[in-house]
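Worksheet for the structure shown next.
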Amino acid sequence: MTDQEVASLLFSDLACANDALSSHLDSSQEHLTDADVPEMAPGTTVIMASGQQQVSKGRQGPDAANTVQLLLAVVRLPAHATDIVLTLNTPMDISPHSAAAEHAGAGTRGAHLTAAALFRSMLGTLAIRDYTLFGATT
2 MTDQEVASLL
12 FSDLACANDA
22 LSSHLDSSQE
32 HLTDADVPEM
42 APGTTVIMAS
52 GQQQVSKGRQ
62 GPDAANTVQL
72 LLAVVRLPAH
82 ATDIVLTLNT
92 PMDISPHSAA
102 AEHAGAGTRG
112 AHLTAAALFR
122 SMLGTLAIRD
132 YTLFGATT
C-alpha cells in the first residue's frame, strides 16, 4: 500500500470507528523530513494528513454532532511490518445540543488553528527506544 493510500485508508477507518456522520480528508498530505522527526531512525517515513469529521459524543444523536479537525500521522516501519498511527482531535464547532457544550460552550472554537503546530511539536519528540516491541532483536 502506498503512503498516500495508507493515510486515506486510516482516516476512513477512524471515521468509521468514530461513527462519523461525514468526513473529509484534505487533499494535501505531507511527508515529514528527518529534521521534523529527529528522534526517529534516519529515513523513517512519516506522513501527516488532516481532515474534518462530524461526530456525536457517546450515544448522542446526529443533532448533537460536532465538527472536529482530525490530524493524523502514520509512521511507517516496513522493516518491522508495522505502521504506527497517531491522531489529535480538536473541536472546530460544537453543537448546542452536544454534551460538550455544557463544558466548552457551543459554537465555533479556535483550538484547531494551532493544533497542527502542536501536533508537529509532539511528533518532533516521538522516539522508539526499544524496537523489540515489534519482535525485532536489534
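Residue numbers for the sequence shown follow our numbering, so the first one is 2 and each next one is one higher.
Where a beta carbon is used, it is the ideal one built from N, C-alpha and C, also for glycine.
On a predicted model such as this, the values are computed, not experimentally measured, just so you know.
Taking the alpha carbon of residue i as the point to measure from, which residue in the options has its own alpha carbon closest?
{"i": "Glu1", "options": "Gln61, Val69, Leu73", "result": "Given that the chain is displayed from residue 2 to residue 139, the structure contains no residue 1 and the question cannot be resolved."}
{"i": "His25", "options": "Thr34, Ser96, Thr126, Asp14", "result": "Asp14"}
{"i": "Thr88", "options": "Asp4, Leu11, Thr3, Met2", "result": "Leu11"}
{"i": "Tyr132", "options": "Asp84, Met2, Gln61", "result": "Asp84"}
{"i": "Pro63", "options": "Val38, Leu127, Asn19", "result": "Asn19"}
{"i": "Leu127", "options": "Met41, His98, Ile95", "result": "Met41"}
Going by the beta-carbon positions, is the gap between residue i and residue j smaller than 8 Å?
{"i": "Thr109", "j": "Met123", "result": "no"}
{"i": "Gln55", "j": "Ser28", "result": "no"}
{"i": "Phe120", "j": "Leu78", "result": "no"}
{"i": "Gly59", "j": "Ala16", "result": "no"}
Between the alpha carbons of residue i and residue j, how many angstroms are there, rounded?
{"i": "Ala65", "j": "Ile129", "result": "39 Å"}
{"i": "Met49", "j": "Ala8", "result": "8 Å"}
{"i": "Thr46", "j": "Gly111", "result": "30 Å"}
{"i": "Ala117", "j": "Ala82", "result": "28 Å"}
{"i": "Ser51", "j": "Leu71", "result": "6 Å"}
{"i": "Gly125", "j": "Leu33", "result": "10 Å"}
{"i": "Asp4", "j": "Gly44", "result": "14 Å"}
{"i": "Glu6", "j": "Val86", "result": "14 Å"}
For residue i, list the residues DSSP reports as bridge partners.
{"i": "Arg77", "result": "Thr46, Asp84"}
{"i": "Glu31", "result": "Met49"}
{"i": "His144", "result": "With the chain covering only 2 through 139, there is no way to say anything about residue 144."}
Quick test of your reading: residue i and residue j, contact by CB under 8 Å. State the CB separation rounded to the nearest angstrom.
{"i": "Thr91", "j": "Val75", "result": "That belief does not hold up - the Cβ atoms of Thr91 and Val75 are roughly 19 Å apart, past 8 Å."}
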